[in-house]
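Some notes on the structure that comes next.
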Amino acid sequence: MKTMAKGVLEAYNTNLKCKCIRETVPLFPFRIVDRIQITAPGNGCPNPEIILWLKNKSVVCLNPKAKKTQTLMKVLKRRNVLLTPPAPMSKKTTV
Numbered sequence: 003m004k005t006m007a008k009g010v011l012e013a014y015n016t017n018l019k020c021k022c023i024r025e026t027v028p029l030f031p032f033r034i035v036d037r038i039q040i041t042a043p044g045n046g047c048p049n050p051e052i053i054l055w056l057k058n059k060s061v062v063c064l065n066p067k068a069k070k071t072q073t074l075m076k077v078l079k080r081r082n083v084l085l086t087p088p089a090p091m092s093k094k095t096t097v
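Sequential numbering from 3 applies to the sequence shown in our numbering.
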């Protein structure tokens, strides 16, 4: 029974450590991007994630493998758009 439940959870992609549930391809002008966060796989999420904050306060997850995403990233890096580092991991201290 435990094996079956584990398979169901994996099938429905219920990994809560990933921030991006659905990814898209950028279909908007580069100038509306406010900042970017790039997260490598790890810390419970097996996927690389690219998160954009737009000037209209929207948050968008991009498909890192898409050709348009790669082009967008090159343009934004040349334009020096603010790259925000991933949030630091909190370390639990014991007394």
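Heads up, the beta-carbon is just placed ideally off N, CA and C, and yes, glycines get one too.
- Residue environment analysis places proline 43 among the exposed positions, since fewer than 16 neighbouring C-beta atoms fall within 10 angstroms of its C-beta.
- Excluding residues up to 5 positions away in sequence, Cys63, Leu64, Asn65 lie with their Cβ nearer than 7 Å to the Cβ of glutamate 25 in the same chain.
- In this structure isoleucine 34 does not touch lysine 59 by the C-beta definition: roughly 11 Å separates them, more than the 8 Å allowed.
- When secondary structure is reduced to three states using DSSP, isoleucine 34 falls in the helix class.
- Here glutamate 51 is bridged, per DSSP, to Thr41.
- Per DSSP, reduced to three states, the secondary structure at valine 27 is coil, with no helix or strand assignment.
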